[in-house]
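Number of protein chains: 2
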Amino acid sequence: MAYAFNHNIEGAPQIGELFAESFPHFDGLIVPFEAGQEVVGEGDPTESYYLVMRGMFRAVKFTRDGRRQVFAFYMPRDICGLEPDAAHKLTIEAVDSAAMAVLPRHACRMRMNDDPRLNAALFEGATRALTLSIDHMMMIGRSSAEERLAWFLSMLSSRSAGPDPLVLDLAMQRQDIADYLGLTIETVSRTFTLFRDRGFLKLPRKRRVEIVRPDSLARLAAADRDAAVASRPAADAAELAVAVA
Amino acid sequence: MAYAFNHNIEGAPQIGELFAESFPHFDGLIVPFEAGQEVVGEGDPTESYYLVMRGMFRAVKFTRDGRRQVFAFYMPRDICGLEPDAAHKLTIEAVDSAAMAVLPRHACRMRMNDDPRLNAALFEGATRALTLSIDHMMMIGRSSAEERLAWFLSMLSSRSAGPDPLVLDLAMQRQDIADYLGLTIETVSRTFTLFRDRGFLKLPRKRRVEIVRPDSLARLAAADRDAAVASRPAADAAELAVAVA
DNA sequence: CGGAATGTTGAGACTAGTCAACCATAGTGG
DNA sequence: CCACTATGGTTGACTAGTCTCAACATTCCG
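Sequence order for the protein chains is A and B. In terms of this note's numbering, the first sequence opens at residue 3 and continues consecutively. In terms of this note's numbering, the second sequence opens at residue 3 and continues consecutively.
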């Protein structure tokens, strides 16, 4: 289950290093952002690609009548701003105190033609974002609230940079989670409470999640996915039964 | 509103021509498929990119317990199979009688390094698929059944290759539509009936849709989208209307 | 013509949404 | 140090929209 966007291919140089090689004053391109600050807004001209250096960003889309969908959360080494049209369709905002490398598109495209590694890295960024959105869409379209939150927490855990992947400090607030999962904050809140009451996790503080039974969450998260998994050895049918119980 | 995936950039050569230039025996790479036939399955090794030449394909993902999500419909000049991992996460199947050009990945990647136009075309394919999935996800996550079907029909109308974009012959069956929109076939069917009763469209046959009031559908379809449109200058609102008309 | 596949309609159940009240926490200023 | 307020989060009661299950209708095709 490839949750991670910033995939690490053995032997391949880090994407940050690639850009640093290609852009002599790379450090000068790094811009800090405050929590809530906008990097680009919907409708802005698409002038740059962005590489997350620190903290967390979100890509959101608003609607006339106030509905909101969070399309993705970006963490260090994720690339964003890969939109083909002249204007952005997504707004990118900092979730917490964070920093981005702002890479002028035109220069990037030129460098891509010269350096196959950079080309491959950007192409991989785009296609990986696409596969991430497959799971995201599957989840939004075909899963219950419980499955969605379990999937979300499993994903965060697997991408966690902290010392213990079972202890999560959520950078985003409930509204962001709800809009990422296609739910309301009330339903997210209720589902957190449900998980706590079942002993799946502890909530010492609002933004702190301690996962107690990662296996239970993982089963719930995978219940609606990974048909291919069924062909794997052993226990899957049994697991499924438990997941629903 | 960029529904079209196979966007036409003025002056740029068609993607098919680009590939024909790069692959001497391009015609030999074209493979026909029967309705329902699988091109690649989930878990298969990712060996090629695919360019739709004729007919329609769908990208689907199944789950253990039978749930199903249609991720995309592909029409002529769309590229698919752009997945970064070694194994496909999506199954690609022909919806009707159709044909694909099967382009070996390795050769493509080599050619991409030599020909910036081919590189740009493939990169554009990936990023455009990404932006399409933005609207798709927004729709699934935040829209009612009516809005979803209206959006779907508007999209089909704008991508229609037939003589009259207001007369649609649906290649896919109700189950495909339902799984694309994250609904059940019953809800899709009921919503079709609702639109017919309201006079939005006629249904002379099950698979034939004649759009009578494209504006009404477009309003429903856009209700949950394009917050920016409201504030952008004139021309865009007009474009919006035309896009669907 | 008969049968299978596909699509429609109806009744009732259930999940998640809505609206409203309440609680917790962190600042702020007297 | 303690109200006071603003923001974010939780809980409850009720509602609405979609799903489920079942019957029926239509279309397709041998």
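Glycine is no exception: its CB is placed at the ideal position from the N, C-alpha and C atoms. Quick caveat, the model's predicted, so the values are computed rather than measured.
Just the chain B side, please: which residues come within less than 8 Å of A:ILE142 by C-beta, in chain order?
In chain order: MET139, ILE142, GLY143 and GLY184.
Neighbourhood of B:ALA103 by C-beta, 6 Å cutoff - its chain only, sequence neighbours within 5 removed:
The residues are LEU31, ILE32, LEU53 and MET55.
At least one CB of chain B closer than 7 Å to the CB of A:GLU126: is that the case?
Yes, A:GLU126 counts as interfacial toward chain B.
Three-state class that DSSP yields for B:ALA74 in the structure shown
Here B:ALA74 sits in strand by DSSP.
In chain order, what residues of the same chain lie with their CB nearer than 6 Å to the CB of B:LEU151, ignoring the 5 residues before and after it?
So the list reads THR193, once near-sequence residues are dropped.
At a Cβ threshold of 7 Å, is B:ARG107 touching chain A?
It does not; no Cβ of chain A falls within 7 Å.
Counted within 10 angstroms of its Cβ, other Cβ atoms place B:MET112 as buried (16 or more) or exposed:
Under a 10 Å Cβ-count criterion, B:MET112 is classified as exposed, with fewer than 16 other Cβ atoms of the shown protein chains found around its own Cβ.
Using a Cβ cut-off of 7 Å (strictly closer), state whether A:GLU40 contacts chain B.
Chain B, which has no Cβ nearer than 7 Å to the Cβ of A:GLU40, makes this no.
Considering only DSSP beta bridges, list what B:CYS82 is partnered with.
In DSSP, B:CYS82 forms a bridge with B:TYR52.
Using the DSSP secondary-structure output, state which residues sit across from A:VAL33 in a beta bridge.
BP columns for A:VAL33 point to A:MET102.
Report the rounded CA-to-CA distance for A:THR48 versus A:ARG207, giving the unit in angstroms.
Their backbone Cα atoms lie some 39 Å apart in a straight line.
3 or more residues per run - each beta strand (DSSP E) lying fully within the segment 160-208 of chain A
Counting whole runs of 3 or more residues, the segment 160-208 of chain A contains the beta strand (DSSP E) stretches 169-171 and 203-207.
Give the DSSP-derived three-state secondary structure of B:GLU95 in the structure shown.
Note: B:GLU95 maps to strand in three-state DSSP.
Cβ-based neighbour list, B:ALA223, same chain, cut-off 6 Å, excluding 5 preceding and 5 following
Excluding the 5 residues flanking it on each side, B:ALA223 has same chain C-beta neighbours closer than 6 Å at ALA152, TRP153 and SER156, in chain order.
Quick check: is the beta carbon of B:ARG69 nearer than 7 Å to any beta carbon in chain A?
True, the Cβ-Cβ gap to chain A drops below 7 Å.
So, for B:LYS63: in the same chain, excluding its five sequence neighbours on each side, which residues have a beta-carbon less than 8 Å away from its beta-carbon?
Hits under 8 Å: GLU44, ARG70, GLN71, PHE73, LYS91, LEU92 and THR93.
Do you know offhand how far A:GLU19's Cα is from A:GLU126's?
In a straight line, the C-alpha of A:GLU19 is about 16 Å away from that of A:GLU126.
Determine the DSSP secondary structure at B:GLU148, reduced to helix, strand or coil.
Note: B:GLU148 maps to helix in three-state DSSP.
Beta-carbon contacts of B:ILE142 that lie in its chain and below 6 Å, excluding the five residues immediately before and after
Excluding residues within five positions, the ones whose Cβ falls inside 6 Å are GLY184.
Determine the extent of the alpha helix (DSSP H) in which A:GLU19 is found, giving its start and end residues.
That run of the alpha helix (DSSP H) goes 17-24.
Does the CB of B:PHE73 have a neighbour CB from chain A at under 7 Å?
It does; some Cβ of chain A falls within 7 Å.
Got a sec, what are the start and stop residues for the beta strand (DSSP E) B:ARG210 sits in?
Its beta strand (DSSP E) spans residues 210-213.
Measuring straight from C-alpha to C-alpha, what distance separates A:ARG198 and A:ALA147?
If you draw a straight line from the Cα of A:ARG198 to the Cα of A:ALA147, it is about 15 Å long.
Which same chain residues end up closer than 7 Å to A:ASP117 when comparing Cβ atoms and leaving out the 5 residues on each side of it in sequence?
SER24, listed in sequence order.
Rounded to a whole number of angstroms, what is the C-alpha to C-alpha distance between A:ILE179 and A:LEU172?
Linking A:ILE179 to A:LEU172 through their CA atoms gives a straight-line distance of about 10 Å.
Given a threshold of 16 other Cβ atoms within 10 Å of its Cβ, counted over all protein chains shown, does B:HIS138 qualify as buried or as exposed?
Residue burial is scored here from C-beta neighbours: B:HIS138 has at least 16 other C-beta atoms within 10 angstroms and is therefore classed as buried.
Name the chain B residues whose beta carbon is nearer than 7 Å to that of A:ILE136?
Residues of chain B whose Cβ lies closer than 7 Å to the Cβ of A:ILE136 are, in chain order, LYS63, PHE73, LYS91 and LEU92.
DSSP state of B:ARG60 mapped onto helix, strand, coil:
Strand, per DSSP.
Given a cut-off of 7 Å, decide if B:ALA37 and B:SER99 are closer than it, judged by their beta-carbon atoms.
In this structure, the beta-carbon distance from B:SER99 to B:ALA37 falls below 7 Å.
Rounded straight-line distance, which links the Cα of A:LEU120 to that of A:PHE21:
Their Cα atoms are separated by approximately 7 Å.
Rounding to the nearest angstrom, what Cα-Cα distance links B:PRO26 and A:ALA163 in this structure?
Taking the straight line joining both Cα atoms gives about 48 Å.
Compile a chain-ordered list of the residues in the segment 76-90 of chain A whose CB is closer than 7 Å to at least one CB of chain B.
Going along the segment 76-90 of chain A in chain order, one finds LEU84, GLU85, PRO86 and ASP87 with a Cβ nearer than 7 Å to chain B.
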